[in-house]
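Here the structure comes first, spelled out in structure tokens, and everything after it is commentary.
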Ligand code: ADP
Ligand code: MG
């Protein structure tokens with residue numbers, strides 16, 4: 002249970018004064034939500050960090066003010082001069098002064114009542130905004146702040162600027178965030194005192210305060226002491242949580258599983274190809290882990306198209322040979338169904354009984370799957386998040402595979418693993434993201450890794466070209482030729498920041514445009530479609546009835562249509578490198594020469610150009626991932642944006658790799674000395690874990 006004093010922080014943001022149902026839906030767009038939450042909470046506002054400041058500290062006399070600058074004045078309100086009746090264009094002017102001169106306040110389309118209450122004649126007000134020269138007079142149009150002397154504190158002299166969304170004003174957000182800061186409870190220091198002193202880092206509460214009430218523009222830079230401190234807090238929480246998970250994992254007895262090869266042999270016989278050496282090595286490593294008495298947690302890393310699915314299938318077959326069950330969890334409905342379709346024919350030949358469970362199986366069919374599962378009549382269950390719902394009971398789950406791991410959180414991994422009863426299931430996680438070492442550490446701690454380093458035989462390099470959107474017609478001409486020669490094409494539409502709606506509109510528009518050229522052989526796939534509609538489109542594309550599949554980024558993971566040989570990515574400059582690499586990996590799977598066309602909007606910035614050129618020049622996933630990390634920082638590479646799940650709240654800072662290494666060492670040291678976090682520092686660290694919502698790690702203390 003989270004300590005009581007954190008409760009106000011984890012309440013909905015609606016509990017803040019001034020935040021009602023309308024604003025909460027705007028906040029939802031502006032603020033990053035944590036996975037598993039549906040609306041912003043107070044704590045999420047704390048992590049909504051400013052991107053700049055407006056400096057209102059200049060408090061000149063009116064006579065000494067410089068036109069064009071932002072200034073804060075203390076003025077007397079002299080006289081209101083409303084526009085003449087009927088003249089809606091003329092502004093409402095208010096004459097004010099201080100001891101040195103006169104300043105007019107100017108309001109267009111003013112609401113008279115409001116202005117009269119805000120600025121009664123004869124009163125004194127603090128106002129802040131941009132000073133303008135109007136003829137030989139000074140004026141300020143729509144001051145940003147108007148406050149009474151008693152409420153002067155509400156006028157931020159150094160105003161943090163936050164990422165906003167249409168309809169949400171900075172002032173409203175600022176007010177909400179300030180309340181959030183006021184809700185931070187007194188917290189014990191969880192960092193090592195000497196370490197803090199050496200770095201001159203403030204206390205956590207003070208750091209958050211400074212970030213949201215800066216006294217210097219430098220305070221809100223990610224390199225500033227308060228920010229660095231919080232980044233380190235987040236990294237330490239993450240590393241500690243991972244270390245705890247690993248520790249309890251290793252300590253718990255696992256489930257030794259060994260097979261007799263009989264099902265695997267049948268699968269190999271049924272495969273139209275031989276396994277590559279690295280597939281075989283990976284399988285040996287996995288089998289060894291499975292046979293060992295402690296719990297298995299291994300990562301299978303293999304570039305797109307490297308053939309992870311068949312490795313997973315063989316490993317699952319091992320569990321079935323041992324008389325137990327296996328599960329395969331995919332991040333999306335489309336992908337789960339695709340796995341089902343690929344595995345089904347092999348399963349039939351090998352005598353494996355499959356079941357499918359996604360969010361779409363409901364009512365009777367779902368009930369039936371659950372029954373068969375608990376009776377042990379299903380050997381391998383394939384599905385989505387639906388697999389770890391409470392009423393899913395396996396008869397004897399000994400092995401779970403999680404595909405495209407980076408889309409799932411630690412707690413989801415644990416939830417699936419606990420479906421394996423007291424001993425827990427052995428877990429294999431698979432990812433196509435070639436995760437650099439530093440990131441592996443952040444997300445998995447020390448994890449056993451198998452890598453698929455070779456591509457299956459017969460895969461041909463994909464020829465990548467960069468084409469400006471201005472030459473769209475040349476591209477469609479080329480596609481017309483390709484289609485007439487039997488090729489199939491993916492056309493991925495741009496990612497548009499913060500707006501799913503326009504992303505969809507762009508895809509629809511492109512589909513309409515291509516339909517004019519190619520007629521009914523164009524299909525459209527997007528995230529807002531119903532599951533059945535998605536299936537139908539995917540099936541038609543797989544069956545080669547559709548020649549061109551226009552989609553938003555929903556196809557990005559795992560889809561396998563070998564005959565598709567051309568990938569067009571529109572506004573490629575808006576995608577992350579890792580994402581482009583994944584998309585490109587959808588082609589080059591069949592016998593045809595494959596192409597990837599990166600359509601960009603000219604002119605490209607220098608970085609954007611070097612990124613796209615890098616894509617053109619290499620297909621090496623590792624190189625690309627490392628470059629991506631260098632260019633975009635940690636969260637992006639792991640697919641934070643792709644999944645909508647934030648990876649870091651504040652830890653995406655310069656020097657992050659060093660902080661991470663330090664956090665990891667610190668976590669190891671802490672647990673070596675105090676494995677149950679019972680010492681005073683240990684108790685404080687528990688609070689850190691709660692603050693960063695690593696609750697699942699703490700839960701393990703009680704479970705274990
Ligand atoms: P990913 O690692 O991206 O999940 P898949 O498992 O979808 O890759 O495999 C991509 C394609 O390669 C599939 O069509 C699969 O049948 C094929 N494949 C897998 N292993 C081999 C192999 N050893 N030889 C030839 N083709 C293979
Ligand atoms: Mg795959």
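Residue numbers (our numbering): 2 to 705. Yeah, the Cβ is synthetic: ideal placement off N, Cα and C, and Gly gets one too. Computed from a predicted model, the values in this text were never measured in an experiment.
- Taken atom to atom, the span from the alpha-carbon of residue 628 to that of residue 98 is near 57 Å.
- Secondary structure at residue 185: coil, using DSSP grouped into helix, strand and coil.
- When secondary structure is reduced to three states using DSSP, residue 32 falls in the coil class, being assigned neither helix nor strand.
- If you check the CB distance, residue 304 and residue 689 do not come in under 8 Å.
- Boundaries of the beta strand (DSSP E) harbouring residue 98: 93 to 98, taken from the DSSP string.
- The secondary-structure analysis by DSSP pairs residue 13 across a beta bridge with 42.
- At a cut-off of 7 Å, the beta-carbon of residue 172 does not count as near the ligand ADP: no heavy atom of the ligand is closer than that.
- By the beta-carbon neighbour count (other beta carbons within 10 angstroms, threshold 16), residue 694 is buried.
- Across the structure, residue 454 and residue 7 are spaced so that their CA atoms are roughly 47 Å apart.
- Among the bridge pairs identified by DSSP, residue 75 is matched with 127.
- Within the stretch 334 to 420, the complete beta strand (DSSP E) segments of 3 residues or longer fall at 355 to 358, 381 to 384 and 398 to 403, listed in chain order.
- Taking each of 516, 431 and 486 in turn and checking the Cα distance to residue 298, the smallest one comes out for 431.
- For residue 271, the shortest separation between its Cβ and any heavy atom of the ligand ADP does not lie below 7 Å.
- Shortest Cα-Cα distance from residue 84 to any of 101, 108, 75 and 74 involves 108.
- Classified as exposed, residue 224 has fewer than 16 neighbouring CB atoms from the shown chains inside 10 Å of its CB.
- Taking a cut-off of 8 Å on C-beta distances, the stretch 316 to 324 touches the stretch 286 to 301, as three or more cross pairs fall below it.
- Look at the beta carbons and you see the stretch 259 to 274 not touching the stretch 674 to 692: under three pairs across the two are nearer than 8 Å.
- Closer than 7 Å to some heavy atom of the ligand ADP: that does not describe the Cβ of residue 224.
- Checking the 7 Å criterion, the Cβ of residue 552 is out of range of every heavy atom belonging to the ligand ADP.
- The three-state reading of DSSP puts residue 493 in strand, counting E and B together.
- Remark: the C-beta of residue 305 is in contact range of the ligand ADP, defined as less than 7 Å to any heavy atom.
- Short of 8 Å from the beta carbon of residue 169, and not among the five residues preceding or following it, lie these beta carbons of its own chain, in chain order: 24, 27, 28, 30 and 31.
- Inclusion of residue 275 in the 7 Å shell around the ligand ADP follows from its C-beta lying nearer than that to a non-hydrogen atom of the ligand.
- Per DSSP, reduced to three states, the secondary structure at residue 551 is strand.
- The C-alpha of residue 342 lies about 21 Å from the C-alpha of residue 528.
- Looking only at 569, 242 and 34, the smallest Cα-Cα distance to residue 508 is reached by 569.
- Residue 533 counts as exposed, since fewer than 16 other beta carbons sit within 10 angstroms of its beta carbon.
- Within the same chain, and ignoring the five residues on either side of residue 543 in sequence, the residues whose Cβ sits closer than 6 Å to its Cβ are 562.
- Of 309, 75 and 44, the smallest CA-CA separation from residue 58 is found for 75.
- Cα atoms of residue 266 and residue 311: separation of roughly 13 Å, rounded to the nearest angstrom.
- With at least 16 other beta carbons inside 10 angstroms of its own, residue 577 counts as buried.
- Check the Cα spacing between residue 54 and each of 212, 136, 5 and 539: the tightest is with 212.
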